[in-house]
Amino acid sequence: MTNEKVKLIKNNQSIAMLAPTFVLDFKYPNIIGMLRHLGFDKVTELTYGARMVNWAYVDYVKKHPEQKLFISSPCPTVVSFIDTEYPEFRKFLMPIVSPMVAMAMIYKKHHAEYKVVFISPCFAKEKIEAPKFPKFIDAVITLQELKQIFDAENIKEDDFKKDYYFDSFVREYTKIYPISGGLASTSHLSKLFGEGEILVTDGVANIKKAFDDIKAGQSKFRFLDLLNCDGGCIGGPAVNNKALSVEEKKKIILEYTTRSSEHTMGKHEGKVDYAKDIDFGIDTEII
Ligand code: SF4
Numbered sequence: 017m018t019n020e021k022v023k024l025i026k027n028n029q030s031i032a033m034l035a036p037t038f039v040l041d042f043k044y045p046n047i048i049g050m051l052r053h054l055g056f057d058k059v060t061e062l063t064y065g066a067r068m069v070n071w072a073y074v075d076y077v078k079k080h081p082e083q084k085l086f087i088s089s090p091c092p093t094v095v096s097f098i099d100t101e102y103p104e105f106r107k108f109l110m111p112i113v114s115p116m117v118a119m120a121m122i123y124k125k126h127h128a129e130y131k132v133v134f135i136s137p138c139f140a141k142e143k144i145e146a147p148k149f150p151k152f153i154d155a156v157i158t159l160q161e162l163k164q165i166f167d168a169e170n171i172k173e174d175d176f177k178k179d180y181y182f183d184s185f186v187r188e189y190t191k192i193y194p195i196s197g198g199l200a201s202t203s204h205l206s207k208l209f210g211e212g213e214i215l216v217t218d219g220v221a222n223i224k225k226a227f228d229d230i231k232a233g234q235s236k237f238r239f240l241d242l243l244n245c246d247g248g249c250i251g252g253p254a255v256n257n258k259a260l261s262v263e264e265k266k267k268i269i270l271e272y273t274t275r276s277s278e279h280t281m282g283k284h285e286g287k288v289d290y291a292k293d294i295d296f297g298i299d300t301e302i303i
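Under this note's numbering, the first residue of the sequence shown is numbered 17, with each subsequent residue one higher.
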C-alpha cells in the first residue's frame with residue numbers, strides 16, 4: 017500500500033497537506049524540501065483550511081442561537097465513539113468538514129488535476145474519515161509511513177537545509193490546532209458563549225465523563241471541543257516520537273508556530289479569497 021502511495025505521488029501532479037504535528041517528527045523547513053524531492057509538486061499545511069473551518073463554526077453558532085449543545089467534529093474517533101456509545105449526541109455534532117477536508121476542497125477547486133495527499137498523525141483519518149471524501153482526498157500517509165518512505169528513498173533531512181517555503185495562501189495562527197483546545201481558542205468561540213459554557217477536553221475517559229454529566233443534567237457546557245488522543249492530535253498514534261511528554265509536545269508546536277509565522281510566506285500571503293464560494297457545511301449523517 018505504501019508503495020502505491022509513493023507511485024501516486026511520483027506519477028501525478030501532487031500536493032502534500034501537512035498536519036502541523038509533523039514538527040514532532042521532522043525538522044522544519046527541511047521537511048518541505050524532502051517532500052518536494054520525494055515527488056510532491058506542492059507542499060502546504062492544513063492551517064488555511066483550519067481557518068475556514070473556524071469561520072464556518074462561528075457562522076453556524078451565530079445562526080443557531082436556540083441550539084442547546086454544539087460538539088466539535090474534526091476528530092473521526094470522537095465521532096465514532098459518539099455513534100457507538102452516545103448516539104443521542106450525534107445531532108449536536110457540528111455539520112462542518114474537518115480542516116483536512118476543507119483544505120482538500122480548496123485545492124481541488126483550484127488544482128483539480130492534482131492528487132491530494134494528507135500527512136497525518138492519525139490512522140482514523142485514513143481509515144474512517146478520508147474514505148467518506150474520495151472526491152477530495154486521494155491518499156493519507158501517516159507520519160510513521162512517511163518516515164519509512166524517507167528511509168526507503170534515502171531522503172535525509174540534513175541534506176535539505178535550505179530556506180524552504182510552504183505553498184500556502186496566508187500566514188496562519190491555526191498551527192496550534194493539534195493541541196487540545198486549538199479549535200475553540202483560534203475560533204475565538206468564547207465571544208459567543210457565556211463563562212464556563214465551553215469545555216475543552218481530550219482522552220476517552222474525560223469525553224465519557226462530559227457526556228455522562230450532560231445526560232445527568234449536571235453540566236452547563238454548551239460547546240464541547242473534543243479530541244480523542246491525550247493532549248489532542250499531538251498524542252496521535254501515528255506520531256513516531258513517542259518519548260515526548262504532552263507538555264514537551266505542546267512546547268514544540270508553540271515554538272514552531274512562532275518560528276514559522278516569522279518565516280515570511282512571500283507572494284502567497286493574503287490570498288484569503290481562494291476559499292470563496294466553497295461550502296464547508298456537511299450533512300451530520302456523513303461526518
Ligand atoms: S485526536 Fe487523535 S484520533 Fe482524533 S484526529 Fe487527532 S490524532 Fe486522530
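Glycine included, every Cβ here is placed at the ideal spot set by N, Cα and C. From a predicted model like this one, the values you see are computed outputs, not experimental measurements.
Taking its Cβ as the centre, do 16 or more other Cβ atoms sit within 10 Å of leucine 215, making it buried, or is it exposed? buried
* Just the Cα atoms here: how many angstroms apart are glycine 247 and proline 137? -> 13 Å
ask   = Given isoleucine 192, which residues of its chain have a CB within under 8 Å of its CB, disregarding the five upstream and five downstream residues?
value = Pro36, Gly198, Ser201, Thr202, Ile269, Leu270 and Thr273
**Prompt:** Which of helix, strand or coil does DSSP assign to valine 55?
**Reply:** It is glycine, not valine, that sits at residue 55 in the sequence shown. Correct three-state label for glycine 55: coil.
Does the beta-carbon of glycine 212, which I'm using as the reference point, lie nearer than 6 Å to any heavy atom of ligand 3? Inclusion of ligand 3 in the displayed structure is not the case, the ligand content consisting of ligand 1 alone.
Nearest CA to the CA of isoleucine 195: which residue from Lys151, Ile223 and Cys245?
Cys245
Query raised in the report: Touch check for the region 65 to 81 and the region 107 to 126: three-plus C-beta pairs under 8 Å?
Result: yes
> Can you pull the DSSP bridge partners for threonine 158?
Replying inline: Ser136
_When you compare the CB positions of asparagine 256 and lysine 141, do they come within less than 7 Å of one another, or not?_
no
Start and end of the beta strand (DSSP E) containing valine 216?
214 to 218
Cβ contact (3+ pairs, closer than 8 Å) linking the region 151 to 171 and the region 21 to 31: yes
### Query
By Cβ distance, which residues of its chain are closer than 8 Å to lysine 292, with the 5 residues on each side in sequence left out?
none
Worksheet item: What three-state label does DSSP hand aspartate 228 in the structure shown?
Response: helix
Practice prompt. Within its chain, find whatever has a CB closer than 6 Å to the CB of leucine 159; leave out the 5 residues flanking it on each side and keep chain order.
Written response: Asp41, Pro137, Ala254, Val255 and Asn256
- request: Kindly provide the ranges of any beta strand (DSSP E) runs that are 3 or more residues long and lie completely inside the region 97 to 147, ordered along the chain.
  value: 131 to 136
Close Cβ partners of threonine 300 (< 6 Å) along its chain, the five nearest in sequence each way excluded:
Leu109 and Pro111
In its own chain, which residues sit with a C-beta less than 8 Å from the C-beta of glutamine 29, not counting the 5 before and 5 after it?
Asp57, His127, Glu129, Tyr130 and Lys131
Could you check what DSSP says for methionine 68 in three-state terms: helix, strand or coil?
-> helix
- Query: Are the beta-carbon atoms belonging to phenylalanine 182 and glutamate 61 less than 7 Å from one another?
  - Reply: yes
- Candidates Val262, Gly252, Gly219 and Lys236: which alpha carbon is nearest phenylalanine 97's? Gly219
Whose C-alpha, out of Leu243, Ile302 and Glu263, is nearest the C-alpha of cysteine 91? Leu243
State the Cα-Cα distance for the pair lysine 78 and lysine 207, rounded to the nearest angstrom. 11 Å
- leucine 159 beta carbon near ligand 1 (any heavy atom closer than 6 Å): no
Q) Are phenylalanine 134 and valine 117 touching if we call contact CB-CB under 7 Å? A) no
Between the CA atoms of tyrosine 73 and lysine 236 - distance to the nearest angstrom: 20 Å
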